[in-house]
Amino acid sequence: MTSTPPPPISPRVLACRDRALSVGAEPVIMGILNVTPDSFSDGGKFMSLDAAVRQAEQMVSEGAAVLDIGGQSTRPGHNEISASDEIARIAPVIEALLGRVAVPLSVDTYKPEVARATLKAGAHVLNDVYGLQRNPELAEIAAEFGCPVIVMHQEPAFRETPGDTLGKLTAFFHRSLEIAARAGLAREHLILDPGIGFAKTAAQNLEILGRLAELHAFGCPVLLGASRKSVISHVLPLPPEERLEGTLAITALAVWQRVDIIRVHEVRANLRAAKIAHAIRQASLS
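The letter at position 176 of the sequence shown is residue 170 when you use the working numbering, and the numbering goes up by one with no holes.
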């Protein structure tokens, strides 16, 4: 990371179907809502509809500006479930939340059937952990519904291939942007996520975390999801439920590097850390 903070970013508004998400002016916190039995950190806690709705409302009350709802765990060694099962987990949560929270609702899925069904149910954003490259049809669906897509980096051979970490990351995103363009999905609807913890070594994860500002070269908002992840345990050997301090440190460094959206489990604490980092960065630029 450079010794001086990056210049301020221009505020922008992401059109999320019938809702909007302002980014660039201040840090944006995305709350994680896993309606799964096997997610690495909170699997099984929010499987019931009532529990999911209560958690969503709590995160919004603590300052989450967008929620990311997942019905299929993507942790290492996860069990694949059918699209119909995934829809059955997510769609009722979306329908219940539409009249209860005013923030955009993102769906964490890589399955076209799930994307279409949950957008019909009222979702506003898609979050694809394969960056449109496993199922390019997702780009076509997003273009059809006019919704943003979070394009996450994940390549199975990435960790086994030595060389320029950021160069390989950049090449991946260029391919994703080409898929989006062919589908008629505007760049203004793309959010880039470097995919911390997905098919990367500890060294690669740490290097990316120190070079997040370079991703702004694409002109797209940047999202970071490192909450409670194993990159923290490589430095602090702690279980997921004890990784809050490590998560907060990453959040502060991400805000310093102008990351637009921070995806986390603990909303209140991360928003507070983000606001302090943002205030220090702004003061240093004045």
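C-beta atoms are modelled at their ideal positions from N, C-alpha and C, and glycine is treated no differently.
Quantities reported herein were computed from a predicted structural model and do not represent experimental measurements.
Distance, residue j Cα to residue i Cα
i             : j                 : result
glutamine 66  : aspartate 102     : 8 Å
alanine 77    : serine 280        : 50 Å
threonine 164 : glycine 189       : 12 Å
leucine 218   : valine 258        : 9 Å
arginine 6    : alanine 243       : 26 Å
glutamate 107 : proline 31        : 21 Å
alanine 177   : glutamine 148     : 20 Å
valine 97     : valine 119        : 11 Å
leucine 92    : glutamate 80      : 19 Å
glycine 25    : methionine 53     : 6 Å
proline 215   : phenylalanine 139 : 20 Å
aspartate 122 : arginine 11       : 17 Å
proline 150   : alanine 193       : 6 Å
lysine 162    : glutamine 251     : 20 Å
proline 288   : methionine 146    : Summary: the structure shown does not reach residue 288, with the chain confined to residues -5 through 280, and so no result is reported for it.
Top-ranked residue by Cα proximity to residue i, from the options
i                 : options                        : result
phenylalanine 167 : Gly178, Pro156, Ile185, Arg153 : Ile185
lysine 308        : Glu236, Ala59, Glu134          : Residue 308 lies beyond the range of the chain shown here (-5 to 280); nothing can be said about it.
alanine 197       : Glu107, Asp254, Arg83, Ser227  : Ser227
glycine 240       : Val249, Leu230, Ala248         : Leu230
valine 249        : Glu260, Asp62, Asn264          : Asn264
valine 87         : Lys105, Asp122, Asp62          : Asp62
valine 143        : Gly204, Ser278, Leu160, Tyr124 : Tyr124
leucine 200       : Leu247, Val22, Val95           : Leu247
Extent of the continuous beta strand (DSSP E) to which residue i belongs
i          : result
alanine 9  : 6 to 10
valine 47  : Run containing valine 47: none in the beta strand (DSSP E); it sits in the alpha helix (DSSP H), 43 to 55.
alanine 14 : 13 to 17
valine 22  : 22 to 28
Cross-strand partners of residue i (DSSP beta bridge)
i             : result
leucine 218   : Ile256
serine 100    : Asp62, Val119
aspartate 158 : Answer is none; aspartate 158 lacks a bridge partner.
glycine 204   : Looking at the DSSP assignment, glycine 204 forms no beta bridge with any residue, so it has no partner.
leucine 186   : Val145, Val216
Residue range of the alpha helix (DSSP H) that includes residue i
i                : result
aspartate 79     : 77 to 91
glycine 240      : 238 to 250
phenylalanine 40 : No alpha helix (DSSP H) contains phenylalanine 40, which DSSP labels as neither H nor E.
CB-CB length for residue i against residue j, believed under 8 Å
i            : j             : result
alanine 133  : leucine 179   : 5 Å
valine 29    : alanine 46    : 5 Å
cysteine 141 : leucine 113   : 6 Å
glycine 57   : valine 261    : 6 Å
alanine 136  : histidine 183 : 7 Å
Min CB distance residue i to chain B below 8 Å
i             : result
histidine 147 : The structure shown has no chain B; it contains just one protein chain.
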